[in-house]
């Protein structure tokens, strides 16, 4: 689902953005992906060690056939390690972008204060009757 940010007023955008889990959840996801990559790396090392032991103890054609049958698994685990590492990096990039965006976002308190000041200005201005002609430029 694509967020309709452009159709929402600044108050809603600021409130939703500041109350979201944001960078914290993305950082947690990055840690989970890194953990998966570490687990897969350990599994790949264990498989490699077991195959090494098997090749030295078995010998002959059966050992070569076994090695050939395990090769696709080695490749798959290697690919999954790369994917998990890339996903961890992507999650960290999103967390950093969220933090940066939060620093740039106008605080909700400032938006509300501006809206209140605009309402006071409209209600106390001698030109308040011209507000429809201005097109609501003040708020």
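Residue numbers (the numbering used here): 3 to 141. Every residue, glycine too, gets a C-beta built ideally from N, C-alpha and C. What you are looking at is a predicted structure, and each value in this text was computed from that prediction instead of being measured.
- Leaving aside the five residues that flank residue 87 on each side, the residues in its chain whose CB is nearer than 8 Å to its CB run, in chain order, 35, 36, 39.
- Residue 12 and residue 96 have their C-alpha atoms roughly 22 Å apart.
- Under a 10 Å Cβ-count criterion, residue 42 is classified as buried, with 16 or more other Cβ atoms of the shown protein chains found around its own Cβ.
- Taking the Cα positions, residue 100 is about 10 Å away from residue 93.
- Taking the C-beta atoms as reference points, residue 24 is found nearer than 8 Å to residue 104.
- For residue 74, the enclosing alpha helix (DSSP H) covers residues 62 to 106.
- Taken atom to atom, the span from the alpha-carbon of residue 26 to that of residue 98 is near 10 Å.
- The stretch 7 to 22 makes no contact with the stretch 63 to 81, as fewer than three CB pairs between them are under 8 Å.
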